[in-house]
Amino acid sequence: MFFIISKILAFLIKPSFWILTLLLLSIIIKNKRKFLLIITFFFYFFFTNEYLYNKLVKHWETEQISINEIEENYDLGIVLGGFSDYDYKTNRHNFKKEADRLIYTIQLYNRGIIKKIFISGGSGKLSSNKFKESETIKSFLINNNIPKTDIIIESASKNTRENALFTAKLIRRNSKNLLITSAIHMKRSMLCFEKAGINVVAFPVDNIMTYSSKNIEHIILPKARVLEYWEEFIHEIIGYQIYKITF
Numbered sequence: 010m011f012f013i014i015s016k017i018l019a020f021l022i023k024p025s026f027w028i029l030t031l032l033l034l035s036i037i038i039k040n041k042r043k044f045l046l047i048i049t050f051f052f053y054f055f056f057t058n059e060y061l062y063n064k065l066v067k068h069w070e071t072e073q074i075s076i077n078e079i080e081e082n083y084d085l086g087i088v089l090g091g092f093s094d095y096d097y098k099t100n101r102h103n104f105k106k107e108a109d110r111l112i113y114t115i116q117l118y119n120r121g122i123i124k125k126i127f128i129s130g131g132s133g134k135l136s137s138n139k140f141k142e143s144e145t146i147k148s149f150l151i152n153n154n155i156p157k158t159d160i161i162i163e164s165a166s167k168n169t170r171e172n173a174l175f176t177a178k179l180i181r182r183n184s185k186n187l188l189i190t191s192a193i194h195m196k197r198s199m200l201c202f203e204k205a206g207i208n209v210v211a212f213p214v215d216n217i218m219t220y221s222s223k224n225i226e227h228i229i230l231p232k233a234r235v236l237e238y239w240e241e242f243i244h245e246i247i248g249y250q251i252y253k254i255t256f
């Protein structure tokens with residue numbers, strides 16, 4: 010239910026949905042056309058401007074730290090799924106931009122900062138799906154020389170709330186855990202794991218860069234990809250508020 014509500018709300022306030030709606034209204038409501046087109050222009054400029062997006066999202070993200078700053082060792086590195094798809098014809102992964110979650114998990118393991126890797130993530134789809142991300146990533150890690158005995162998986166969860174609840178059933182309550190996920194996703198993740206009674210320390214990855222370009226093209230020219238970034242950001246804000254109230 011939480012997953013469905015979050016998905017519906019995120020769809021209804023997608024910037025692309027409202028830009029299209031405003032354009033259609035400008036065609037239908039002729040006496041308000043000029044006003045609606047002006048509003049559409051400002052919507053489009055705001056939600057395709059990467060400079061403005063970067064400035065805003067930095068206030069939401071959990072600040073990134075260097076691996077060299079970590080002074081403790083942890084029993085588990087809990088990495089949240091959502092960073093890959095799997096091609097069953099070629100038996101290969103298609104990694105997304107969130108693949109930093111896995112890359113840094115492997116680095117943390119190889120440095121001995123985390124003793125074991127815990128992968129939490131199922132299909133992430135509303136409908137049934139044979140793809141279980143944690144299962145395919147386990148095979149990937151084994152094929153890349155990570156011992157099978159050092160990999161734990163949870164493959165039933167479809168959202169962050171379930172990541173936390175299902176993980177809580179499989180780990181010791183007194184274990185020391187490093188939570189590894191994207192910086193934009195960390196606030197919602199920390200909330201869920203704390204509510205599930207799991208003590209975690211945040212290790213955010215996939216951050217917006219700490220510097221911001223002053224190039225005039227970066228500030229003015231629209232970028233279609235930023236619409237997708239906004240959808241992710243809005244999804245995080247909605248999910249956080251829903252879980253804060255209903256978890």
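Numbering (my numbering), first residue to last: 10 to 256.
By construction, the Cβ of each residue, glycine as well, lies at the ideal position given by its N, Cα and C atoms.
Rounding to the nearest angstrom, what Cα-Cα distance links residue i and residue j in this structure?
{"i": "Thr169", "j": "His244", "result": "12 angstroms"}
{"i": "Lys124", "j": "Asn186", "result": "10 angstroms"}
{"i": "Met195", "j": "Ala211", "result": "7 angstroms"}
{"i": "Arg110", "j": "Lys67", "result": "18 angstroms"}
{"i": "Asn260", "j": "Met218", "result": "For the chain, the structure presents residues 10 to 256; residue 260 sits outside this window and is missing."}
{"i": "Asn154", "j": "Phe127", "result": "16 angstroms"}
{"i": "Ser132", "j": "Leu230", "result": "36 angstroms"}
Enumerate in chain order the residues of its own chain whose CB-to-CB distance from residue i is below 7 angstroms, with the five nearest sequence positions on each side excluded.
{"i": "Thr22", "result": "What sits at residue 22 in the sequence shown is Ile, not Thr. Cβ within range, chain order: Ile243."}
{"i": "Ser137", "result": "Only weak support exists for where Ser137 lies, its pLDDT of 49 falling under 50; the value from the coordinates is given anyway. So no residue of the chain qualifies."}
{"i": "Glu105", "result": "According to the sequence displayed, residue 105 carries Lys and not Glu. Answer for Lys105: Phe92 and Ser93, listed in chain order."}
{"i": "Ala177", "result": "Ala205, Gly206 and Ile207"}
{"i": "Val235", "result": "Phe56, Thr57, Asn58, Glu59 and Tyr62"}
With burial defined as no fewer than 16 other Cβ atoms inside 10 Å of the residue's Cβ, what is the status of residue i: buried or exposed?
{"i": "Leu117", "result": "buried"}
{"i": "Asn172", "result": "buried"}
{"i": "Ile38", "result": "exposed"}
{"i": "Gly121", "result": "exposed"}
{"i": "Ser164", "result": "buried"}
{"i": "His226", "result": "The sequence shown places Glu at residue 226, rather than the His named in the question. Exposed, because fewer than 16 other Cβ atoms sit within 10 Å of the Cβ of Glu226."}
{"i": "Ile74", "result": "exposed"}
{"i": "Gly130", "result": "buried"}
{"i": "Phe50", "result": "exposed"}
Quiz item: Mind pulling the alpha helix (DSSP H) runs of 4 or more residues that sit fully within the segment 170-219?
Solution: List check, alpha helix (DSSP H) in window: 192-204.
Quiz item: What are the start and end residues of each continuous alpha helix (DSSP H) run of 4 or more residues lying completely inside the segment 98-133, in chain order?
Solution: Runs of the alpha helix (DSSP H) inside the segment 98-133: 109-119.
Quiz item: Can you list, in chain order, the stretches of the alpha helix (DSSP H) that have 4 or more residues and sit fully within the segment 23-75?
Solution: The qualifying runs are 24-37, 42-56 and 59-66.
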